[in-house]
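S.K.: Before anything else, here's the structure in question.
Number of protein chains: 2
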Amino acid sequence: MKTHIIVIVMLLFTLTVKGQLVYHDASAFPLLGKATQSTATRYERLPDSLRNISRKPLWELGQNSAGLAIRFSSNSTTIAAKWEVLLNRSMNHMTDTGVKGLDLYCLQDGKWVFVNSGRPSGKVNTATIIKDMKPEKREYMLYLPLYDGVTSLSIGVDSLSEISQPSIDWPIRQKPLVFYGTSILQGGCASRPGMAHTNILSRWLNREAINLGFSGNGQLDLEIADVIANVDASMYILDFVPNATVEQMKERADKFYTIIRSRHPDTPILFVEDPIFTHSRFDQRMAKEVKDKNETINAFFQTLKKRGEKNIYFLSSKNMVGHDGEAMVDGIHFTDLGFMRYSELLYPVIKKYMK
Amino acid sequence: MKTHIIVIVMLLFTLTVKGQLVYHDASAFPLLGKATQSTATRYERLPDSLRNISRKPLWELGQNSAGLAIRFSSNSTTIAAKWEVLLNRSMNHMTDTGVKGLDLYCLQDGKWVFVNSGRPSGKVNTATIIKDMKPEKREYMLYLPLYDGVTSLSIGVDSLSEISQPSIDWPIRQKPLVFYGTSILQGGCASRPGMAHTNILSRWLNREAINLGFSGNGQLDLEIADVIANVDASMYILDFVPNATVEQMKERADKFYTIIRSRHPDTPILFVEDPIFTHSRFDQRMAKEVKDKNETINAFFQTLKKRGEKNIYFLSSKNMVGHDGEAMVDGIHFTDLGFMRYSELLYPVIKKYMK
Chain A
1 MKTHIIVIVM LLFTLTVKGQ LVYHDASAFP LLGKATQSTA TRYERLPDSL RNISRKPLWE
61 LGQNSAGLAI RFSSNSTTIA AKWEVLLNRS MNHMTDTGVK GLDLYCLQDG KWVFVNSGRP
121 SGKVNTATII KDMKPEKREY MLYLPLYDGV TSLSIGVDSL SEISQPSIDW PIRQKPLVFY
181 GTSILQGGCA SRPGMAHTNI LSRWLNREAI NLGFSGNGQL DLEIADVIAN VDASMYILDF
241 VPNATVEQMK ERADKFYTII RSRHPDTPIL FVEDPIFTHS RFDQRMAKEV KDKNETINAF
301 FQTLKKRGEK NIYFLSSKNM VGHDGEAMVD GIHFTDLGFM RYSELLYPVI KKYMK
Chain B
1 MKTHIIVIVM LLFTLTVKGQ LVYHDASAFP LLGKATQSTA TRYERLPDSL RNISRKPLWE
61 LGQNSAGLAI RFSSNSTTIA AKWEVLLNRS MNHMTDTGVK GLDLYCLQDG KWVFVNSGRP
121 SGKVNTATII KDMKPEKREY MLYLPLYDGV TSLSIGVDSL SEISQPSIDW PIRQKPLVFY
181 GTSILQGGCA SRPGMAHTNI LSRWLNREAI NLGFSGNGQL DLEIADVIAN VDASMYILDF
241 VPNATVEQMK ERADKFYTII RSRHPDTPIL FVEDPIFTHS RFDQRMAKEV KDKNETINAF
301 FQTLKKRGEK NIYFLSSKNM VGHDGEAMVD GIHFTDLGFM RYSELLYPVI KKYMK
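Listed in order, the protein sequences are those of chains A and B.
At position 207 of the first sequence (counting the first as 1) the number is 207 in UniProt numbering, and the numbers step up by one without a gap.
At position 295 of the second sequence (counting the first as 1) the number is 295 in UniProt numbering, and the numbers step up by one without a gap.
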């Protein structure tokens, strides 16, 4: 009789606890996508040493967590998250889920598969990302917000389940890919963080990717070249033309390139043309701007070739986002359709040349 | 001397006026995408007679302007818009531009080409959609918000330009396509109104499309079958499974079908399966729900076939949004990537069978 009562009490306890979630601070788990560990707080992209050196908007964009991701494994039937964002920003041409939400992927049969997004409700957020799963151990990657900062993050799992360090070093962290660029590169306007093309390519190439996209501020600031050069990369992808003016390119592109090249003589460096913005079919001023910028970057690349620079590559934007004109939300920023098409164009090029 | 002064004054006047926009109420131009003209205000989808008959949430969604579009032509170098929305709604997994913005397309070489979106700022909005165009006469289509209502709309053009009725009846308005369904069909979560699949297919098939998607409320309400049956359509696409429960389908699918079929004995009717929601790879409850619903709609379709119903078709969701799991923002609602893939699947089916 006494044993029966103990069994019943234990059963009731188990059933009660089963529906409960326990939150674990994400600081216990590996964080991918950082160019430097010398940041003021964990979920930032630029070293604290640049705080009073970089232009203010550039520095502040370094606090956005674009391209950062937490790796963990768990056998929980539910995965939830609590997170607080820095700015609680909203934009009218991008979802809040992309701007300040989370995005969970799971490794299945050697591929990273979308599980679900963590949809934000404000500055402080709690979201169940997925539930009703079989209690099997899985490898997870949780992408952080693209256009806001993260001041705290914890991951919720069933109270009776386990959450632990990743069992496998995927995406491979040696020799990451380093992407430098603009608002588009920062992930504007992906519907959720996993659909920024730097994150898509990281999954497809099984390699850590570092996102140094700075909305409106991919203007060849030379201290960023130094941040880039501090990473022992498999490839550097320089995709700054949408933000850099013709004058800035003429003045700084060679200096920017030389800072990286002088420290990495053999690492492939890929230059990318300005996208053919969809509204440039109609907007003559925009058409001229794209043409002028692309003539400038082409001429710069030819100069590098003529003086004998090796391991440099050039990507034309001719087929960047297809030819139906449908891949952008505002004529400039890519939708998930645009990011998928751009990834399909970049993938074979990076795969072929990366070290 | 006097003549010179007059010429100079006229020149100054012209230069001043050139930069100014004049707004024209959109009520002067054709409105596409309505199942009925008997609405309380112009930019609604359901007849006023249903105001006290339909369930409240269904009725209110009828006030969303999903699938409605204004046709006009103009030689203006700038196209702008002023519009006021009914609710000023926001959602965390869809852009404001899709929810309550505008989307402009232009006919070029027989194809509708994306010009740019009108991005909203609140309840009352003014936006320049495109500028710096050559002053050539063009045919335009302006899509209205997907998830909000429109209480007023005017189109801004250069004060010295012309805005006029469309020169060509494209998309063709005889025998429109009628789509009935859920939040996905209403356009959740397209980045801009033109990327809802009903609007994509209207452009590709050069045929007016009527969007009777009601978020969460595609539950086979029989008065909606009556609204549908009032349209002399080229094809009826019934895409309600994500919202209708197994019980609702068993109780009402045949009645809903019969209301339409009894008035249109030969018009093709296409039934569409529940999408394989991406998170159903992980969420067992969701996987079972999708399976049960699809068994129900399959069984219903077989019943129709067995009793000799003609001109009915069935679309499996197997290849609906690809197989990489990337086409949804929250496991359920389609991104532009999902809508593009779904349109590519639907296009040949509709093209083959539509009258």
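Quick reminder that beta carbons are idealized off the backbone N, C-alpha and C, glycines included.
In chain order, which continuous runs of the alpha helix (DSSP H) of length 4 or greater are located wholly inside the region 242-327 of chain B?
M.R.: 246-263 and 284-306
S.K.: Beta strand (DSSP E) containing B:His24: first to last residue?
M.R.: Leu21 to Asp25
S.K.: Less than 8 angstroms between the CB atoms is what I'm expecting for A:Gln284 and B:Lys137, so what's the real figure, rounded?
M.R.: With 8 angstroms as the limit, A:Gln284 and B:Lys137 do not qualify as a contact, their Cβ atoms being about 16 angstroms apart.
S.K.: Taking buried to mean at least 16 other C-beta atoms within 10 Å of its own C-beta, is A:Ile184 buried or exposed?
M.R.: buried
S.K.: I'd like to know if the region 334-345 of chain A and the region 186-193 of chain A are in contact, where contact means that at least 3 CB-CB pairs between them fall below 8 angstroms.
M.R.: yes
S.K.: Quick one, are the C-beta atoms of B:Val22 and B:Gly118 less than 8 angstroms apart?
M.R.: With respect to the 8 angstroms criterion, B:Val22 and B:Gly118 are not classified as neighbours on the basis of their beta carbons.
S.K.: List the DSSP bridge partners of A:Gly213.
M.R.: A:Gly181
S.K.: Quick one: any contact between the region 143-152 of chain A and the region 173-180 of chain A, if contact means 3 or more CB pairs under 8 angstroms?
M.R.: no
S.K.: At least one CB of chain B closer than 8 angstroms to the CB of A:Glu84: is that the case?
M.R.: no
S.K.: With distance defined between alpha-carbon atoms, name the residue in B:Glu273, B:Asn230, B:Leu68 and B:Arg207 nearest to residue 356 of chain B.
M.R.: Given that chain B is displayed from residue 1 to residue 355, the structure contains no residue 356 of chain B and the question cannot be resolved.
S.K.: Given B:Ser90, which residues of its chain have a CB within under 7 angstroms of its CB, disregarding the five upstream and five downstream residues?
M.R.: The beta carbon of B:Ser90 is closer than 7 angstroms to those of Asp96 and Val99 in its chain, skipping five residues each way along the sequence.
S.K.: With a cut-off of 8 angstroms, does the C-beta of A:Gly331 fall near any C-beta of chain B?
M.R.: yes
S.K.: Expressed to the nearest angstrom, what Euclidean distance is found between the alpha-carbon atoms of A:Lys255 and A:Leu304?
M.R.: 12 angstroms
S.K.: If you check the beta carbons only, do A:Gly199 and A:Tyr143 fall under 8 angstroms apart?
M.R.: The residue you asked about is not Gly; residue 199 of chain A is Asn in the sequence shown. Yes; because the gap between Cβ atoms is below 8 angstroms, this pair is in contact.
S.K.: Rounding to the nearest angstrom, what Cα-Cα distance links A:Ile276 and A:Arg341 in this structure?
M.R.: Computed Cα separation, rounded: 14 angstroms.
S.K.: For A:Leu58 versus A:Asn230, is the C-beta spacing smaller than 8 angstroms?
M.R.: No; because the gap between Cβ atoms is not below 8 angstroms, this pair is not in contact.
S.K.: What number of angstroms, rounded off, separates the C-alpha of A:Arg42 from the C-alpha of B:Tyr180?
M.R.: 48 angstroms
S.K.: From the DSSP output, in three-state form, read off B:Glu44 for me.
M.R.: DSSP, read as helix, strand or coil, puts B:Glu44 in coil.
S.K.: Could one say the Cβ of B:Asp283 lies closer than 8 angstroms to chain A's Cβ atoms, at least one of them?
M.R.: yes
S.K.: Return yes when the Cβ of B:Ala244 is within less than 8 angstroms of the Cβ of B:Gln219, no when it is not.
M.R.: Their beta carbons are under 8 angstroms apart, which means B:Gln219 touches B:Ala244 by this criterion.
S.K.: Hey, does B:Leu337 have any beta-carbon neighbour from chain A nearer than 8 angstroms?
M.R.: Taking CB atoms only, B:Leu337 has a neighbour in chain A less than 8 angstroms away.
S.K.: Tell me which same chain residues have a C-beta within less than 6 angstroms of the C-beta of A:Thr278, skipping the five on either side of it?
M.R.: Gly325, Met328 and Gly331
S.K.: Mind listing which residues of the region 115-127 of chain B have their C-beta closer than 8 angstroms to chain A's C-betas, in chain order?
M.R.: Val115, Asn116, Ser117, Arg119, Pro120 and Ser121
S.K.: Taking Cβ positions, are B:Ser74 and B:Ser215 nearer each other than 8 angstroms?
M.R.: no
S.K.: Below 8 angstroms between beta carbons: does that hold for residue 399 of chain A and A:Leu87?
M.R.: This structure gives no information on residue 399 of chain A, because the portion of chain A shown stretches from 1 to 355.
S.K.: Helix, strand or coil: how does DSSP classify B:Asp148 here?
M.R.: Here B:Asp148 sits in coil by DSSP.
S.K.: Please list, in chain order, all residues of the same chain as B:Pro171 whose beta carbon is under 6 angstroms from its beta carbon, the five residues on each side excluded.
M.R.: Ser202, Asn206, Arg207 and Glu208
S.K.: Does the CB of A:Asn92 have a neighbour CB from chain B at under 8 angstroms?
M.R.: yes
S.K.: Can you tell me which of B:His264, B:Leu270, B:Asp266 and B:Ser154 puts its alpha carbon nearest to the alpha carbon of B:Val241?
M.R.: B:Leu270
S.K.: Given a limit of 9 angstroms on CB to CB distance, which residues of the region 268-281 of chain A reach chain B?
M.R.: Taking 9 angstroms as the Cβ-Cβ cut-off, the region 268-281 of chain A approaches chain B at Thr278, His279 and Arg281, given in chain order.
S.K.: Can you grab the Cα-Cα spacing for the pair A:Lys111 / B:Arg45, in whole Å?
M.R.: Rounded to the nearest angstrom, the gap between the Cα atoms of A:Lys111 and B:Arg45 is 44 angstroms.
S.K.: On the DSSP bridge list, what partners appear for A:Asn125?
M.R.: Bridge pairing for A:Asn125: A:Trp83 [DSSP].
S.K.: Use the C-beta contact count for A:Asn211: other C-beta atoms within 10 angstroms, 16 or more gives buried, fewer gives exposed.
M.R.: buried
S.K.: Run through DSSP, which three-state label would A:Ala28 get?
M.R.: helix
S.K.: Can you tell me whether DSSP reads A:Met195 as helix, strand or coil?
M.R.: In this structure, A:Met195 counts as helix in the three-state DSSP scheme.
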